[in-house]
Amino acid sequence: MKFLSDEDKQGLIGAETLAPTPLPTQMVSSDEFAPVPQTRKQAEAEARLYALAESIAPKLKLSRRRFFETAAGMAAGFVALNETFGAVFDASRAEAQTPEMADARAAALADQFIMDMHTHFLRDDTRLLGFVRMREAVGRTGWNPDLGGEQTIEHLKFANYRREIFLDSDTKVALISSAPSDIPEDWFLTNEQMAHARTRVNEEAGSRRLLTHAIFTPGAPGWLDHLDASLALAPDSVKGYTVGDNTHKETARYPWRMDDEATTYPGYERMRAAGVRNVCVHKGLWPAALDARFPHLAPYADVRDVAKAAKDWPQLNFIIYHSAYRLGDPAAALAAFERTGRLDWVSDLADIPAQHGVSNVYADLGQIFAQTLIAEPRVCAAILGILIKGLGADHVCWGTDAVWTGAPQWQIEGLRRLEIPQDMQEAHGFAPLGGADGEVKRMILGANNARLYGWSEEDQNAWRADRLTTEKAARREAGLGRSNLRYGFAAPSASAAA
Numbered sequence: 053m054k055f056l057s058d059e060d061k062q063g064l065i066g067a068e069t070l071a072p073t074p075l076p077t078q079m080v081s082s083d084e085f086a087p088v089p090q091t092r093k094q095a096e097a098e099a100r101l102y103a104l105a106e107s108i109a110p111k112l113k114l115s116r117r118r119f120f121e122t123a124a125g126m127a128a129g130f131v132a133l134n135e136t137f138g139a140v141f142d143a144s145r146a147e148a149q150t151p152e153m154a155d156a157r158a159a160a161l162a163d164q165f166i167m168d169m170h171t172h173f174l175r176d177d178t179r180l181l182g183f184v185r186m187r188e189a190v191g192r193t194g195w196n197p198d199l200g201g202e203q204t205i206e207h208l209k210f211a212n213y214r215r216e217i218f219l220d221s222d223t224k225v226a227l228i229s230s231a232p233s234d235i236p237e238d239w240f241l242t243n244e245q246m247a248h249a250r251t252r253v254n255e256e257a258g259s260r261r262l263l264t265h266a267i268f269t270p271g272a273p274g275w276l277d278h279l280d281a282s283l284a285l286a287p288d289s290v291k292g293y294t295v296g297d298n299t300h301k302e303t304a305r306y307p308w309r310m311d312d313e314a315t316t317y318p319g320y321e322r323m324r325a326a327g328v329r330n331v332c333v334h335k336g337l338w339p340a341a342l343d344a345r346f347p348h349l350a351p352y353a354d355v356r357d358v359a360k361a362a363k364d365w366p367q368l369n370f371i372i373y374h375s376a377y378r379l380g381d382p383a384a385a386l387a388a389f390e391r392t393g394r395l396d397w398v399s400d401l402a403d404i405p406a407q408h409g410v411s412n413v414y415a416d417l418g419q420i421f422a423q424t425l426i427a428e429p430r431v432c433a434a435i436l437g438i439l440i441k442g443l444g445a446d447h448v449c450w451g452t453d454a455v456w457t458g459a460p461q462w463q464i465e466g467l468r469r470l471e472i473p474q475d476m477q478e479a480h481g482f483a484p485l486g487g488a489d490g491e492v493k494r495m496i497l498g499a500n501n502a503r504l505y506g507w508s509e510e511d512q513n514a515w516r517a518d519r520l521t522t523e524k525a526a527r528r529e530a531g532l533g534r535s536n537l538r539y540g541f542a543a544p545s546a547s548a549a550a
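Residue numbers (the working numbering): 53 to 550.
This is the structure we're talking about:
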């Protein structure tokens, strides 16, 4: 991996070496971007969470680790965030202290339709081993006994993905994605491998549980021929990275624009002809520091090329991954929002329908929901408020970027519990998000993706009687809980080293 220097790598740890709390207490990244170190407030929330666990778990005759695997432990995580950042989440100490209350709430929401259109695992022959080697090295020092065993590259592959997504969360349907590289061996998954995974999961389940992208790479040698071959695999949607090779940024040779009539538009025509209407495009996750580091890619990372493409291609839906969130210091992002009412690139994305008269631009929440939720919940609330106000609640789509952040259940719980603070609603004209099973959250968690991907009511209920549901019920009956592990990079924190 060339994005991170040797010095960068020496300053990071594998995220699986962090303690398995019900939700992360610092940023976890894939190898697509560098993690921001744990903030002072995140460290405070972590300390509050451990204090809660130490006071509650013994009374329940549970170990701390086992408590963190329960619904009450999940509630404790959001209580800790509330007590650190201010009340943003629907969570109480009573729920954290009363397993029956927490279990009843979880059971009432367990059948909610969750359609996660942004998930990942790595190919069996992956060469992206740098952070796994770091994780193994740290694990051998033995400073984190909570892990219960050495972590390996297998945790980033198919079998663990299947468990984390379908058995250890309320996710009903997922889409497997990938990331391209100018080095063929360094694609997360090839398009053929994604199609194979879709067939395997759906045959094992006895219903449609997994959808797939086909990755497209405008401007790369032979890209249209590769696109034709990929479309022959009948992908459910396509995905591209306008910065090109996001894994090896310093050597990326083929960045592209969404509105390039000569290069990209012929690809859109082939997608349309093949009946693929959903075009997913990675944008954002590009801190300002990268502008100077990768000046040849910086002009391609924002959303200035979205509007014209959307206007020229009304037959297609353009789903902007990560909602183009710039990423960076969460405190600075909150300060900027409170000063201007805007967030870099997210607000630009949300402005497009009103400014350009289009209705085919959508926002995906993958990675940015996870990172802002734990780093600065008011920024997370602002993102939702901005997107819903500009694009509409029916144009905001659920994605988690799991398994990098482990099982996606904590993110699902985060949206279920999140509310835009009253002062923010009044100052910026944001509508409330409403209850966990209210209209807005049901749209975001599943209904919007179901509409985009043409899923009928029957499709949305097929999971209820399939083999994955039976397997999940057996795991619950056996008392098996989530691992609460995360996968990827993290910056070491003072609490982790203590």
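All residues carry an ideal CB built from backbone N, CA and C; glycine is no exception.
These figures come from a predicted structure and were not determined experimentally.
Inset, instruction - Give the straight-line distance between the Cα atoms of Glu523 and Leu219, rounded to the nearest whole angstrom. - result: Rounded to the nearest angstrom, the two C-alpha atoms are 8 Å apart.
Legend entry - Through-space distance from Tyr352 to Lys8, alpha-carbon basis: What is shown of the chain runs 53 to 550, which leaves residue 8 out entirely.
Legend entry - Beta-bridge pairing of Ile228 - partner residues as DSSP gives them: Here Ile228 is bridged, per DSSP, to Thr171, Thr264.
Inset, instruction - For Ala326, I'd like the list of residues in its chain whose CB is within less than 6 Å of its CB, leaving aside the five on either flank, ordered along the chain. - result: These residues qualify, in order along the chain: Leu283.
Inset, instruction - Decide if Lys113 is buried, meaning its Cβ has at least 16 other Cβ atoms within 10 Å, or exposed. - result: Under a 10 Å Cβ-count criterion, Lys113 is classified as exposed, with fewer than 16 other Cβ atoms of the shown protein chains found around its own Cβ.
Inset, instruction - Decide if Ser423 is buried, meaning its Cβ has at least 16 other Cβ atoms within 10 Å, or exposed. - result: Here residue 423 turns out to be Gln, not Ser, going by the sequence shown. Answer is buried; the Cβ neighbour count reaches 16.
Legend entry - Identity of the residue in Phe137, Arg215, Thr171 nearest Leu532 by Cα: Here the closest residue by C-alpha is Arg215.
Inset, instruction - Identify, in the order they occur along the chain, each residue of the same chain with its Cβ nearer than 8 Å to the Cβ of Arg187, setting aside the five sequence neighbours on each side. - result: Bear in mind that a pLDDT of 47 at Arg187, under 50, signals an unreliable position, so the number given afterwards is only what the model happens to contain. Counting only Cβ-Cβ distances below 8 Å, and skipping sequence neighbours, we find Ile65, Gly66, Ala67, Glu68, Thr69, Gln203.
Legend entry - Whole-angstrom distance between Phe85 and Glu313, CA atom to CA atom: Approximately 29 Å, taken between the alpha carbons.
Legend entry - CA nearest to the CA of Ala542, picked from Glu390, Met79, Ala530: Met79 is the residue among Glu390, Met79, Ala530 whose C-alpha sits nearest the C-alpha of Ala542.
Legend entry - Beta-carbon proximity of Ala128 to Ala148, cut-off 8 Å: Their beta carbons are under 8 Å apart, which means Ala128 touches Ala148 by this criterion.
Inset, instruction - Compare the beta carbon distance of Glu428 and Ala385 with 8 Å and say whether it is the shorter of the two. - result: Yes, these two residues count as a Cβ contact at 8 Å.
Legend entry - Cβ shell of Phe165 (< 6 Å), same chain only, five flanking positions each side left out: Excluding positions up to five away in sequence, the list reads Lys224, Gly498, Gln512.
Inset, instruction - Could you check if Thr122 is buried or exposed, using at least 16 other CB atoms within 10 Å of its CB as the buried criterion? - result: The residue in question, Thr122, is buried, as its Cβ has 16 or more Cβ neighbours within 10 Å.
Inset, instruction - Can you have a look at Glu152 and say buried or exposed, based on whether 16 or more other CB atoms are within 10 angstroms of its CB? - result: By the neighbour-count definition (other C-beta atoms within 10 Å, threshold 16), Glu152 is an exposed residue.
Inset, instruction - For the beta strand (DSSP E) holding Tyr373, just list the boundary residues, first then last. - result: Tyr373 -> beta strand (DSSP E) spans 369-373.
Legend entry - Inter-residue spacing [alpha-carbon to alpha-carbon] between Ile440 and His447: Approximately 8 Å between the Cα atoms of the pair.
Legend entry - Per-residue DSSP class, three states only, for Ala543: Three-state DSSP puts Ala543 in coil, outside helix and strand.
Inset, instruction - For Ile217, I'd like the list of residues in its chain whose CB is within less than 8 Å of its CB, leaving aside the five on either flank, ordered along the chain. - result: Once the five neighbours on either side are set aside, the close Cβ partners of Ile217 are Asp168, Thr171, Thr223, Ala226, Ala454, Val455, Ala459, Pro460.
Legend entry - Cα-Cα separation, Asp354 to Ser375: Distance between the alpha carbons of Asp354 and Ser375: 10 Å.
Inset, instruction - Confirm the yes/no value for this check: CB of Val455, any heavy atom of the ligand SAM, distance under 7 Å. - result: In the structure shown, the ligand SAM is absent, as is every other ligand, since no ligand is present at all.
Legend entry - Beta-carbon contacts of Gly442 that lie in its chain and below 8 Å, excluding the five residues immediately before and after: Cβ within range, chain order: Ser399, Leu401, Ala402, Asp403, Ile404, Pro405, Ala406.
Legend entry - Lys524: first and last residue of the uninterrupted alpha helix (DSSP H) it sits in: For Lys524, the enclosing alpha helix (DSSP H) covers residues 519-529.
Inset, instruction - Classify Pro8 as buried or exposed, calling it buried when 16 or more other Cβ atoms lie within 10 Å of its own Cβ. - result: Since the first residue of the chain shown is 53 and the last is 550, residue 8 is not available in this structure.
Legend entry - Cβ neighbour criterion (16 or more within 10 Å) applied to Gln474: Exposed, because fewer than 16 other Cβ atoms sit within 10 Å of the Cβ of Gln474.
Legend entry - Ser399 - DSSP class collapsed to helix/strand/coil: If DSSP states are grouped into helix, strand and coil, Ser399 belongs with the helices.
Legend entry - Beta-carbon spacing of Ala231, Asn134 below 8 Å: At a Cβ-Cβ threshold of 8 Å, Ala231 and Asn134 do not count as neighbours.
Legend entry - Coarse secondary structure for Ala433, derived from DSSP in three states: Ala433 falls in the helix class under three-state DSSP.
Legend entry - Distance between beta carbons of Tyr317 and Asp234, contact taken as under 8 Å: Going by Cβ atoms, the distance from Asp234 to Tyr317 rounds to 22 Å, so no, they are not a contact pair.
Legend entry - Pair within 8 Å by beta-carbon distance, Gly319 and Phe268: Cβ atoms of Gly319 and Phe268: closer than 8 Å.
Inset, instruction - Whole angstroms is fine: what's the gap from Glu478's alpha carbon to Asp163's? - result: Approximately 33 Å, taken between the alpha carbons.
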